[in-house]
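Some notes on the structure that comes next.
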Amino acid sequence: MERLIHRNMTGKKEKQIHCGYCHICQGVLQGRPHKQFNATWTDAEGNPLQLSLQYVVNEKENPSFPHVLVTAVDIGAQLNAERQMIKAVTEAEERERNRIARDLHDQIGAFLAGIKLYMDELLNKDTTPGRKQQLHKQLNQSIHNAIQRVRFLSSQMAPNVLIDYGLIKALEELCKQVKSISHVSCNFTTHVKKLQLPKLYEIIIYRSISELINNTFKHANASEIHLSIMKNRDLITIAYADNGKGFDVDSVMASEKGTGLPYIVQKINMINGSVSFVSRKGKGMKAKILISVKNS
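Following this line, the structure appears as structure tokens:
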């Protein structure tokens with residue numbers, strides 16, 4: 000640690016460093032042969048240093064005068080990376096909550112408003128028997144659609160099938176739900192029966208694909224979705240495509256609002272992955288997600 004060389008440990012400006020050494024001395028006097036702790040010190044220019052300190056007591060050479068070996072590792076970059084990851088996760092979760100809230104308001108709210116209108120007309124004494132029969136059918140269909148949409152939204156928030164059976168089964172169920180709530184066909188293919196991934200990886204992958212599906216629903220005007228997952232040794236490849244109206248990738252990625260593709264990139268980057276998008280107006284879109292699972 001060049002930034003700590005030739006430091007005076009007793010001055011007022013060196014209070015943090017002095018306390019750090021007191022911490023080490025206290026541990027030695029209490030008979031602890033080794034200990035590790037984190038501390039914030041400053042270098043000669045007054046800049047903060049985030050350090051991981053560890054000492055080891057060596058009594059073999061001279062039991063009456065033991066040597067203490069202290070090692071210091073700069074963990075500032077690591078802590079900063081952890082803070083950035085926490086920030087990214089928090090922002091992604093907040094955006095996910097906002098999206099779910101909008102969907103509840105715009106979609107479930109619309110279904111409930113329609114149901115109320117049907118009920119008001121059904122209870123009107125001037126409504127003819129033939130019209131009442133028609134209203135009953137419309138009510139049943141609206142209630143069915145609302146139930147299916149609530150199930151779809153709840154599965155995106157906390158999919159039980161993902162927790163219980165894993166990513167592959169969860170994506171199969173997601174495609175089935177897409178078909179049940181829309182006229183969009185969702186074709187899922189994979190040669191992988193089961194992926195052994197950390198739960199965080201599975202959740203991020205699942206929510207990223209859910210985000211892509213929502214984009215297709217809201218912006219693409221598509222009739223088909225194709226999703227596939229392949230695994231080759233330590234690399235997972237996820238391919239997503241729709242036959243929608245397409246878009247300008249650069250403009251969308253530069254925008255803070257709209258499709259949410261930048262947030263997908265951000266989330267996938269958190270799990271050692273990368274995302275690429277290909278799209279042209281009138282030609283649909285394709286997304287490829289690559290995730291290394293070598294050290295996961």
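Numbering (numbering that gives the first Met the number 0), first residue to last: 0 to 295.
From the three backbone atoms N, C-alpha and C, an ideal C-beta is built for every residue, glycine too.
Margin query: Taking the alpha-carbon of Lys285 as reference, which of Ala38, Arg101, Ala219, Arg130 has the nearest alpha-carbon?
Written below: For the purposes of this step, residue 285 is taken as residue 286 along the sequence shown, with counting starting at 1. The option with the nearest alpha carbon to Lys285 is Ala219.
Next item on the list: Give a yes or no on contact between the region 171-184 and the region 209-224, applying the rule of three or more CB pairs nearer than 8 angstroms.
Entry: yes
Checklist line | Contacts around Ser141, its chain only, beta-carbon distance under 6 angstroms, and the 5 residues preceding and following it disregarded | finding: Translated into the one-based positions of the sequence shown, residue 141 becomes position 142. Cβ neighbours of Ser141 beyond the five flanking positions: Phe110, Gly113, Ile114.
Note to self: Here's the rule: buried if 16 or more other CB atoms are within 10 angstroms of the residue's CB, otherwise exposed. What is Ser273?
What the structure shows: Walking along the sequence shown from the start, residue 273 turns up at place 274. The residue in question, Ser273, is exposed, as its Cβ has fewer than 16 Cβ neighbours within 10 Å.
Next item on the list: Assign Gln132 to one of two classes, buried (16 or more other C-beta atoms within 10 Å of its C-beta) or exposed (fewer than that).
Entry: The sequence position of residue 132 within the sequence shown is 133, counting from 1. That one is exposed.
Check: How big is the Cα-Cα spacing for Met269 and Gly259?
Finding: Here residue 269 refers to the residue found at position 270 of the sequence shown. Here residue 259 refers to the residue found at position 260 of the sequence shown. Distance between the alpha carbons of Met269 and Gly259: 16 angstroms.
Next item on the list: For the beta strand (DSSP E) holding Ser209, just list the boundary residues, first then last.
Entry: By 1-based counting over the sequence shown, the position of residue 209 is 210. Looking at the DSSP string, Ser209 is not in any beta strand (DSSP E); the run it does join, the alpha helix (DSSP H), is 198-214.
Notebook entry, point to check: Near Asn79, which residues of its chain fall below 7 angstroms by C-beta distance, leaving aside the five closest residues on each side in sequence?
Noted result: Within the sequence shown, the letter at position 80 stands for residue 79. Cβ within range, chain order: n/a, list empty.
Checklist line | Burial state of Leu161 (16 or more Cβ within 10 Å) | finding: Residue mapping note: residue 161 aligns to position 162 of the sequence shown, counting from 1. Leu161 comes out buried.
Next item on the list: Please determine, among Asn46, Gly165, Val149, Arg94, the residue with the shortest C-alpha to C-alpha distance to Asp73.
Entry: Along the sequence shown, read from residue 1 onward, the residue named residue 73 stands at position 74. The option with the nearest alpha carbon to Asp73 is Asn46.
Checklist line | Opening and closing residue of the alpha helix (DSSP H) in which Leu122 lies | finding: Here residue 122 corresponds to residue number 123 of the sequence shown, with the count starting at 1. Taken as a continuous stretch (DSSP letters only), the alpha helix (DSSP H) holding Leu122 covers 108-122.
Notebook entry, point to check: Can you name the start and end residues of the alpha helix (DSSP H) that Asp233 belongs to?
Noted result: As a first step, residue 233 is located in the sequence shown; it is residue number 234 there, counting from the start. That residue, Asp233, is in no alpha helix (DSSP H); it is neither H nor E in DSSP.
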